[in-house]
Structure formats: C-alpha cells, structure tokens
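Chains as they are written, first to last, in this note's numbering: chain A, 18 to 327; chain B, 47 to 298; chain C, 223 to 318. A virtual CB, placed ideally from N, CA and C, is assigned to each residue, including glycine. On a predicted model such as this, the values are computed, not experimentally measured, just so you know. In what follows, a single structure is set out as structure tokens and then discussed.
What follows is the structure, given as structure tokens:
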C-alpha cells in the first residue's frame, strides 16, 4: 500500500498545510490523510515524524483520519478529542490534551484492521547488518522500552508495535513510527538517550503517563529498506533479573508467533507457510532481562543463523 | 543443530525440502517419552484456534494487544469478546465502567460520550445480587434521548438464561471492555458503538413493554423508529452467539 | 476408541517438524496445532497408514525403541482422543 507519488513528485513539508490542519503523513508503506482542528496535534506530529514524510499533497491515501473535538457539551466541558477513520469512530474519546496518543493509537488501529496485504505480528522489529530481530510481546513484556533502548544503541527501528511481514518473501517492512512509552520507562529512556525527542507527556491515560519518542534519524531515513528476519526473541522484563537468553524450540516459537499475529487467520495456509519459513531460518530465544544496558550487550552479541539453517 | 522440516503435499504444495534428520527426531522423541512425558504433565497438543472473518466487522484476532493489564483480562480477551456465561461468572469488578473507589461499586455515569451521543453503558452494582442494575445509555445527538435499561429484581437465572437480553448485555460489555472504544484494542470484530446501538435499538423497539424491568424509549433521533423495528432477533442472537463465543469456557 | 484411526483430511494439512515436535496447520478448521513429541510421533505413524490403537502402540514402540507397556498405550489413546476432538483424525470405515 504505497503512495502513488514518485520521489520527484513528493512535495516538501508544507508548514501552511500543517497549520491548516490538513496534511498527508507517510509512515512506512502507508499514507494517512489527516484533518484536524486541534493545534497541538500537527505540532506533536511534526515533532515525532520526519519532515519530508509530512506534506500538503499526495495522490493517494490509505486512511482518511479526522482528529477533532466531539459535538455537544464535551467540545467545551472537560474537552475531549475523537479519532475518526473514514467516518467511523472506533474509540471512546480522550481528553483533548491526549490528541497525540489518540492519533498514534488510532493509526495503529487503522493499520491492524486494514492492512491485510501483510502478515502483521504484534512485535517489535529491529535490524542490524541486514538481519532483523522480531520480538513478539504481550503487555508487560517491556518490549517498547527494550526497543527504544536498542535502536539508540546500534539497531535500526523497523517497528516498535507491529512487524509487517511481506507475504511474498517473508521480509519485514519498516513502519518507523514513534515509540510509545509509559510511566517509568519515559524517564529511563530520557537518561539512556541524551537528547531524545519526546512528545509532551500525557498523564492519567488508561495506561498511566504516556509519551511518544521520535525514532532515530537513521531509522527514519531508511524507511524504504525492508530486511530479512534472523532472530525471533520473546522478551520478558523482570526488575532485577540478570539478562538471560535461552534457546526456545522452533515448534513452540512458531505457535507463539502465530498467536501474536493480528491477522494470521486471514492468510490461512499462506500465513502458516510464511511464518514457518521465518522460524526455520531464524534463531529462536526467550529473553529475560532487568537492566537495559545488560540487554544491549546481549543483543550486541547475537549471531545470525548460518545460511544452511539456524 | 540440525533441524528438519516436512511439508504436506496439499493442493498448495511447495517443493519438498531436504529430508529431516530422522535420527535426531527419533532421539529427541525417545528422550522426551522416556523422561516421563507420558504422565502428561503438560498439554500434548496446544491448539491455536482459527477465527473466521465475521461479516463487516473483520477478523477476530488472537493476538494480545490490549491496554488492559493481563491480570485483569477476562477470558477470551484476544478474540471476539466473551460469552454471556463468561461475563456472568467473572468477578464483576472487571465489568467495564465500574468505579472501584467506592463501596459498593458504582457505575461511571455519562462519563464519556461519543460524537453521536452514545455513551458506554454504565453499570451499577452487581447484577448478581437482588439490587438494581442500571445500564444508562444516551442515544441521539446532544443527549436528547435517554434509554434506561433497568433490571429490577430479576433473578440471576432469569437474567442470564434469556438468550436475547444476555447476549445484548454481553455485547455491550464486550464492546465496553474489548471494543475499539477501549483506548486501543485491535479486535475490530467486537461490535463498535454504532452497531451495538442499532442492535439495542432493534431489540428494544421490537419487544413489548411488558418485558419486566426494561424501559424503552419511544422515539429515535434519526426519526425513523418504525423502519428500525426489523425483526432481527434471531439473526441478532446468532450473530451475538458467534461473536461472543457462546458456550466457551473462560480460561483462567 | 476401538476401530481404526486415520488422518482425517491430509490434503488440508501443512506441517513442519523440528527437534521431534510438530506444528500442523489445518486449512479445514483454520486451526494450528503444536504437537509435543509423543503426539508428533503418533501423527506421523498415522500418516504412514491408518491403524487401531494396538497397531499404533506397536509402531510407536518400535519407531522410538521404547517399551510397549500400558503407560505408553494409555498415553497414545489420550493423544488419539485429542486428535479426534480437534478434527485431525477420524475413524476409518470398516472394510466389508
């Protein structure tokens, strides 16, 4: 699902378009047309995304999104914001100040529900030397914090929440969206990454305090470079636990990664084959950790599988 | 580590890969069998159930991607929502919309409204005592029409054995707890508010006012109440049954 | 559990085997199953040819070079029962 524009026709970011609240945002293979009357959404978006991925005009958009206050009393009283996709309102409203998170989560929802040309895994995906580590994660696994740390220590970000797998060749397509962090992780990553660019923190969300981290510039620059999976790593954060990497059976890894796929069932036998091939050619591990620096060391030492198989 | 694979020769057959290392396979299996795996301490087979596409609402995913802490998650939180029986047996603290900072638990009332004025139902107290449960629902723009769905003194067996009321209740609870209205959840298969609203509308306006404990509104803001009285109850039940995994046990 | 058992719809199945375990996808049900080693072994032996539980126990015992005892027979029976429940195997119609 790529925009039909070519590089020559991509327009430079239009400050006027952003200010007018009507702009196109490119993230990975998807283009979203955004209408919003909320000033801090374009500001927040401009902070978190690559300027040349925001523009006044594209020929095509995958999603048409409106982020706006609701009609009625909540436009003024304890004001709220709503996310609309093609006229559908999929979410309860959030406080107006949370426009950036609701946009980010809404865009996740769009992709998960519409982008069935990919096999989508609930996983982070990071790359180094042409090899991708896919990290499926249930809530509480610490996946986002781990990802935020690793992509600031030599790894390239493809995605922190949704690994897009090509059904034709099993490669992972970059999405490169802002990384959603919450509560203590925000301070942790601020320390870990001097100069990290965050959106304004939103407090009292259902997840606690939430802030979005802008991806590293190189990750944004390389959004058009898919890469091949080499590791499937199931992370698990436990405070105080030493970093431990344990081999996980491939059969178990296959069923677990399928369990973490959003649209595995849609793709049937093809989905099974694609995931099975990925498992076959990847090293599979469970990873427990309690300290980000230790985790970085373990990941730095990962060996890709040999050509003949893992 | 030598690894092997085998592929079925189905209609989408791919070329067979090199034969597995049979000796390794036998060795591994023999080892596991002799290690006392026969006592079946763990499951011999683990099944990841496939989910069919369900109409316009898309596919039921089995992936966990919920903002809700898993310790609070109800049974099939990753799938199509929970069955009425699952909700019935669940600790009511996990019902959406319950304030837990007061005792007895009370419902949030009109705390959130969507642009078309549909509120997530607020639930008061446990329905499994004989005290009242009120589901407040405002339908229509600007809060002009109010529906109150009250269960007064209905015994639990009555409440949950009736197919329609329990199914629609479960649909509301699923929508409030798992639905896309719950900050973020990818289960688009759970009916969104407009769908639930129209289902409730159909249910309410197609039932007689003699249904004990249920109060109906008399007009719909869209102005075409009559046209909305379609006899959908059978198909609604079927849809909800399928969506709510009727009869499935709640894991955990 | 008497009678002969067979793999229900082999044409609908795709599977992979690693280190004695198998993951099988059944296009008929849309289900994906992870089979622990004994279940994996039973599955493969039934793929060879249909069998009743006695024959199956004999094949498995021989293939894995383990004792053919009551415990094995019982475990195999449990596996076949689970296979039946999820539609992987079915009874073979008796020959006239």
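DSSP places residue 211 (chain A) outside both helix and strand once states are collapsed to three, so it counts as coil. The C-beta distance from residue 83 (chain A) to residue 48 (chain A) rounds to 16 angstroms, too long to meet the 8 angstroms contact threshold.
With a threshold of 8 angstroms between beta carbons, residue 292 (chain C) makes no contact with chain B. The three-state reading of DSSP puts residue 243 (chain C) in strand, counting E and B together. With a beta-carbon spacing of about 7 angstroms, residue 290 (chain A) and residue 236 (chain C) fall inside the 8 angstroms limit used to define contacts. Our two residues, residue 310 (chain C) and residue 233 (chain C), have alpha carbons roughly 11 angstroms apart in a direct line. DSSP lists C:246 as the beta-bridge partner residues of residue 237 (chain C).
Around the beta carbon of residue 258 (chain A), fewer than 16 other beta carbons sit within 10 angstroms, so the residue counts as exposed.
In this structure, residue 261 (chain A) lies away from residue 205 (chain A), with their beta-carbon atoms at least 8 angstroms apart. For residue 81 (chain B), the closest of C:293, C:264 and C:239 by C-alpha to C-alpha distance is C:293. The beta carbon of residue 179 (chain A) sits closer than 8 angstroms to the beta carbons of 125, 128, 129, 137, 138, 139, 140, 192 and 279 from its chain, once the five residues preceding and following it are set aside; these are given in chain order.
Counting C-beta pairs closer than 8 angstroms gives fewer than three between the segment 296-308 of chain A and the segment 195-215 of chain A, which falls short of the contact rule. By the neighbour-count criterion, in which 16 or more other beta carbons inside 10 Å mark a residue as buried, residue 87 (chain A) falls on the buried side. Scanning its chain for C-beta atoms nearer than 7 angstroms, with the 5 sequence neighbours on each side dropped, one finds around residue 263 (chain C) the residues 282, 285 and 286, in chain order.
Not a single C-beta of chain B is nearer than 8 angstroms to the C-beta of residue 312 (chain C). Proximity of chain A to residue 233 (chain C) at the Cβ level (cut-off 9 angstroms) is not reached, the minimal Cβ distance being about 11 angstroms. When the beta-carbon positions are compared, residue 252 (chain C) and residue 285 (chain A) come within less than 8 angstroms of each other. At a beta-carbon threshold of 9 angstroms, none of the residues of chain A lie near residue 251 (chain C); the nearest stands roughly 11 angstroms away. CA-CA distance, residue 291 (chain C) to residue 260 (chain C), rounds to 14 angstroms. In the DSSP secondary-structure assignment, residue 254 (chain A) is bridged to A:306.
Minimum Cα-Cα distance from residue 245 (chain A) among the listed residues A:227, A:276 and A:148 corresponds to A:148. Proximity of residue 267 (chain A) to chain C, defined by a Cβ-Cβ separation below 8 angstroms, is satisfied. Residue environment analysis places residue 317 (chain A) among the exposed positions, since fewer than 16 neighbouring C-beta atoms fall within 10 angstroms of its C-beta. Collapsing the DSSP output to three states places residue 172 (chain A) in coil. Residue state for residue 314 (chain C) is assigned as coil, using DSSP reduced to three classes. Residue 277 (chain C) is not a Cβ neighbour of residue 257 (chain C), given a cutoff of 8 angstroms.
What residue 271 (chain C) touches in chain B, judged by beta-carbon distance under 9 angstroms, is nothing: the nearest beta carbon there is about 16 angstroms away. For residue 72 (chain B), there are no CB contacts under 6 angstroms within the same chain when 5 residues up- and downstream are skipped. Buried is the label assigned to residue 97 (chain A), since at least 16 other Cβ atoms lie within 10 Å of its Cβ. The C-beta of residue 250 (chain A) comes no closer than 8 angstroms to any C-beta of chain C.
Apart from sequence neighbours up to five positions away, the residues of its chain that approach residue 116 (chain A) with a beta-carbon distance below 8 angstroms are 53, 55, 57, 58, 61, 84 and 98, ordered along the chain. Between the alpha carbons of residue 313 (chain C) and residue 275 (chain C) lies a distance of about 11 angstroms.
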